[in-house]
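For reference, the structure is listed below as structure tokens.
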Amino acid sequence: MRAAPARAMAAAVSLGLHRVCLLLLAMLFPQAADGSCCDLAKDNLICHDVCEQTDIWTCMNSSLPGVSKKSDAWVGLGCCELAIAVECRRACRQASSTSDISKVCRKQSEAALLSCVNRNEMGSICCSYAGRHTNCRDYCQAIFRTDSSPAPSQIKTVENYCASISPTLVQCVNNYTQSYPMRNASDSLYCCDRAEDHSCQAACKRILMSKKTETEIVDSLIEGCKTMPLPQDPLWQCFLESSRSAYPGVTVAPPPSTGLDGAKLHCCSKANSSICRDLCTRLYSTSWGNIHSWQEFDTICEYNPLEESMLTCLADVREPCQLGCRNLTYCTNFNNRPTELFRSCNAQSDMGALNDMKLWEKGSINMKIMNISVLDIRKCHPEMWKAIACSLQIKPCHSKSRGSVICKTDCVEILKKCGDHSKFQKGQTAESICERLSSTDEPEDCIPLYIYLRSSPLDNAVEEVTHPCNPNPCPAYQLCEVNRKGCPPGEPCLPYFCTQGCKLGEASDFLVHQGALIQVPSGDVGCYKICTCGHSGILENCMEIQCVDLQKSCVIDGQRKNHGTSFKVDCNICSCVGGTLRCSKRQCHNELSSDRDRPIFTGLPCNCDNQFVPVCGQNGRTYASACVARCVGLQDHQFEYGQCSSNPCNSNLCPRSQRCVVKRQVCLTSFEKFGCPQYECISRQLKCDYSQDPVCDTDNVEHGNICTLYQRGKQLSYKGSCQHFCKSVEPVCGQNGETYSSVCSAYSDRVAVDYYGSCKDVSIFSHHSLHTECSSVKCPRIPVEGYNLVTPPGACCPLCAGVLRILFDKDKLDIFAKATSKNPITVLDILQKIRLHVSVPQCDVFGYLSMESELVVLIIPVDNQPKAIQIDACIKEAEKINSLINSDSPTLASQVPLSALITSEVEVSSPLRSDSKRMIASLCYLYLCVAMMYVFTYW
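Mapped onto mature numbering (1 follows the signal peptide of the UniProt record, and there is no 0), the consecutive letters of the sequence shown carry residue numbers -35 to -1, 1 to 904.
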């Protein structure tokens, strides 16, 4: 009896209380669409009743001022890509209001989608009051472009621009921003690192984690840091800018023009047809598109095998391939697979497969492009149907192309056996259906079902390979990064870090690291700009870079190669970049000189003589001879005789007030423009700061930073924490042909060790002459069973690893260097970025510049006696990186300088066939064995 009055009261007051009740619930708790969340309002019976008895989304939209001004266009379209379930995404695209999608999309699992849609609907309402005033509307829309708390500068800008134009708009925006949760003070923790005093840094972090109000925080910071809040002080400047309070005079730049999703916009350039390219660009650019555009894209492009490149790229953005799968309760055959790649190994996809099976049991598989009638799948090969449902939901990246398509043979087999042929449409056969759904049986292009008809054979070995970031343990809008630094002695820590990130667009779920330089599409196809992921969580300080003409092709031997196409010319890897041919500089057998005096094939660039008279190029790379240096493009004045490992500080290059410190680096940019110094000058400070950047001296004693080391009169051995296995200094030869004082010294440069002892004038020679030139080298021998080994280019000793030979665009690196720091881009810069994409802690990244001007990257197991499963994981990581480079995936292409990597070849240690397995002398390195768990700990 009491329910009716309560409902009447709720209906009567819903319009008057929407700001204090519905708006609060929907904005502060997006999950409030779920009835259980109405308990959040249990202390207010009216609000509680309104929440329980009313469709919260419909009620809010109908009760907000200006609802009559709402556009007929579906403003939520840009949010649809946030949907987890495919059917929810489809329903969102076809919907005309939020209530339409709430019938299909589960409100708890699709909270991100519903929050985005609601936010954009509110933005459509509020910003409509701007009328024809473009600036006011743009600044208003910036408030609703992000799901983080609007910045005070954004709010202030709306007030400045719109107060005289539309007080109603300002009031509407204020209603929204006042209901938004206050920014957590801990979000400003990064500001503490800007304090110059170490004790102030520690006090700052303690205060921000313990105090709640701004008054408490400011007072405590003044007391803890013994400083007044001066605007010019870096700590206070950072903290005040990130504060929730509005500060007079603060303005904001126009909203970033990354489009709805800059990462997906990058994929549009890969479309094979102009219509799909235009549709893709329309959907992911600055407009929301419309229902018709999405329907066109689904019909023409979504299932078009000719658009595989674009579709795979979009899949990489939505769900990147990750190693490992576990904890599934329905698709249990997919569990315990730590060395396989999957796009969507999670509980939602697991349940999605179960739901698909229940739908298929009704006798029909309903797809966007066709419906397929089937027999009772509970009786007709149910395990195979389950494998199909799970494969489509969990999405194995089984192939190098990373597609999620069932192989044609499996498709035909199951439809021949279990298809309801009596209900097939006229002319339909199992073959014709599968030709449209999956036209290939190539193992590199499809998923063979037999793998998932049985459980994983690795049930007892999964702990030997770990995946700290899969599933992602970090909060929303933070990236997970493998902890390779370890923990201070006696202190516990997690195997991962959570770092702040920026989204590449209003409706993007694609994150990039805070502080990183990012490449995003700009304007026409082929045009890009470079931005910085700022502390505010948005891209800023953007600058345009030169466009690439994607229509220009290259002509090789009479054949036309389109932009982005990679191919072989003789033995060299090549790629066409905007009409320009880029190739490696390998010497091929069929390019021998006709000179009778030089008939022998040396394998060195330009078939240079096989002699060792080393020269050091101004790029920091040692070449076997002046002939080789000239062959790769160096002029005589750009190299000098001798190896680059000689001490550059012997020439007293720094002023007396500064100390010269050796800084080895190999530069990939033009050294004529940006230099490539092999040293750095540091101030001879009387007092050092407390920054923690550990270094180790020649006595194997660790110091907090290099300043402290030199202040104590010590000599630098290597950067990084001291390792006990480097106490006895023994020279080693790196795979780059340079001699290092110790294993740790090589590791600090991300160079793997070829063999112990000084380099013997052989490491820089051709791979073709290993059998003669490397005969004097003694590689440490450790038996490893069941694997063929690989020998990196120019090295002597083989190893168990994945080796990539990467071609890069030097001109693009020069553009990056010019547009940003004006500093050279080095091999180490590339390796450190690639390292972030290796998700298995049992594998690490090393590399160098080969004498053929290729970037050689090695992904190596770091345990002392690597297990087969760890070797397999490193091989899979290498293949993953190789595939991301060759497909120009936004996963790498959005990051500077990785976006300059053009094409790659990979060679991996392969298991021997069972009929030829034998114990082989692995010649794996002593550094690999002794370093064990240390190598990935401190660099």
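Backbone N, C-alpha and C define an ideal beta-carbon position, used for all residues, glycine too.
Here the structure is a predicted model, which means the values were calculated and not measured.
Problem set entry | Endpoints, beta strand (DSSP E) assigned at Q623 | 623 to 627
Exercise. R770 and S864 look like a contact to me (Cβ under 8 Å); what is the Cβ gap, rounded to whole Å?
Worked result: That belief does not hold up - the Cβ atoms of R770 and S864 are roughly 19 Å apart, past 8 Å.
For this session: Enumerate in chain order the residues of its own chain whose CB-to-CB distance from I334 is below 6 Å, with the five nearest sequence positions on each side excluded.
Result: Y268
Exercise. Measuring CB to CB, does V871 end up less than 8 Å from N847?
Worked result: Here V871 is near N847, since their CB atoms are less than 8 Å apart.
Problem set entry | At least 3 beta-carbon pairs within less than 8 Å: the region 429 to 436 vs the region 404 to 421 | no
Problem set entry | Three-way DSSP call (helix, strand, coil) for R525 in this model | strand
For this session: Provide the residue span of the alpha helix (DSSP H) that contains Y249, from first to last.
Result: 239 to 249
For this session: Would you mind reading off the limits of the alpha helix (DSSP H) that contains F262?
Result: Bounds of the alpha helix (DSSP H) holding F262 are 256 to 262.
Problem set entry | Spatial distance of L319 from Y295 (CA atoms) | 7 Å
Exercise. Is K381 helix, strand or coil when you go by DSSP?
Worked result: Of the three classes helix, strand and coil, the one that applies to K381 here is helix, per DSSP.
Exercise. Candidates R595, S818, D664: which alpha carbon is nearest C691's?
Worked result: D664
For this session: Evaluate the contact criterion for the region 812 to 822 versus the region 757 to 767: three or more CB pairs, one atom per stretch, below 8 Å.
Result: yes
For this session: Would you mind reading off the limits of the alpha helix (DSSP H) that contains C53?
Result: 51 to 59
Exercise. Looking at G466 and C498, is the spacing between their C-beta atoms short of 8 Å?
Worked result: yes
Exercise. Apart from the five residues just before and just after L515, which ones in its own chain have a Cβ nearer than 8 Å to its Cβ?
Worked result: These residues qualify, in order along the chain: S234, V490, G491, H528, G529, G543.
Exercise. Quick one, are the C-beta atoms of C91 and V51 less than 8 Å apart?
Worked result: No, these two residues do not count as a Cβ contact at 8 Å.
Exercise. What residues in its chain sit with their C-beta under 6 Å from that of C512, if we drop five residues either side in the sequence?
Worked result: G491, C492
Exercise. Curious, which full-length beta strand (DSSP E) runs of at least 3 residues does the region 802 to 853 contain?
Worked result: 808 to 814, 820 to 826
Problem set entry | Neighbourhood of K344 by C-beta, 6 Å cutoff - its chain only, sequence neighbours within 5 removed | Hits under 6 Å: none found.
Exercise. Which same chain residues, not among the five before or five after H98, have their C-beta less than 7 Å away from its C-beta?
Worked result: I130
Problem set entry | Extent of the continuous alpha helix (DSSP H) run through S129 | S129 -> no alpha helix (DSSP H), and no H or E assigned at all.
Exercise. Can you tell me whether DSSP reads C724 as helix, strand or coil?
Worked result: coil
For this session: Using the Cα positions of A472 and G607, report the straight-line distance between them to the nearest angstrom.
Result: C-alpha separation (whole angstroms): 55 Å.
Exercise. What number of angstroms, rounded off, separates the C-alpha of R291 from the C-alpha of F299?
Worked result: 7 Å
For this session: Within its chain, find whatever has a CB closer than 6 Å to the CB of Y720; leave out the 5 residues flanking it on each side and keep chain order.
Result: Around Y720, the same chain offers C698, V742, C744, C762 as residues with beta carbons nearer than 6 Å, after the five sequence neighbours per side are excluded.
Problem set entry | For F462, three-class secondary structure by DSSP | strand
For this session: Let me know the alpha helix (DSSP H) ranges lying completely inside the region 380 to 419, each 4 residues or longer, listed in chain order.
Result: 395 to 402
Problem set entry | Sequence-distant residues of the same chain with beta carbon closer than 7 Å to T791, five excluded per side | So the qualifying residues of the chain are Q630, V631, C632, L633.
Problem set entry | Contact check, E505 vs C496, beta carbons under 8 Å | In this structure, C496 lies closer than 8 Å to E505 by Cβ.
For this session: Inspect the beta-carbon positions of H432 and S804 and report whether they are closer than 8 Å.
Result: yes
Exercise. In three-state DSSP terms, what is H98?
Worked result: coil
Exercise. Which ranges does the alpha helix (DSSP H) cover as unbroken runs of at least 4 residues, wholly within the region 600 to 655, from first to last along the chain?
Worked result: 636 to 639
For this session: Evaluate the contact criterion for the region 312 to 332 versus the region 841 to 859: three or more CB pairs, one atom per stretch, below 8 Å.
Result: No, the region 312 to 332 is not in contact with the region 841 to 859.
Exercise. Around the Cβ of S707, are there at least 16 other Cβ atoms within 10 angstroms (buried) or fewer (exposed)?
Worked result: By the neighbour-count rule (16 or more Cβ atoms within 10 Å), S707 is buried.
Exercise. What is the rounded straight-line gap between the Cα of C641 and the Cα of Q583?
Worked result: 7 Å
Problem set entry | Inter-residue spacing [alpha-carbon to alpha-carbon] between A(-4) and S64 | With a pLDDT of 37 at A(-4), under the threshold of 50, the predicted position of this residue should be treated as unreliable, and no value is reported.
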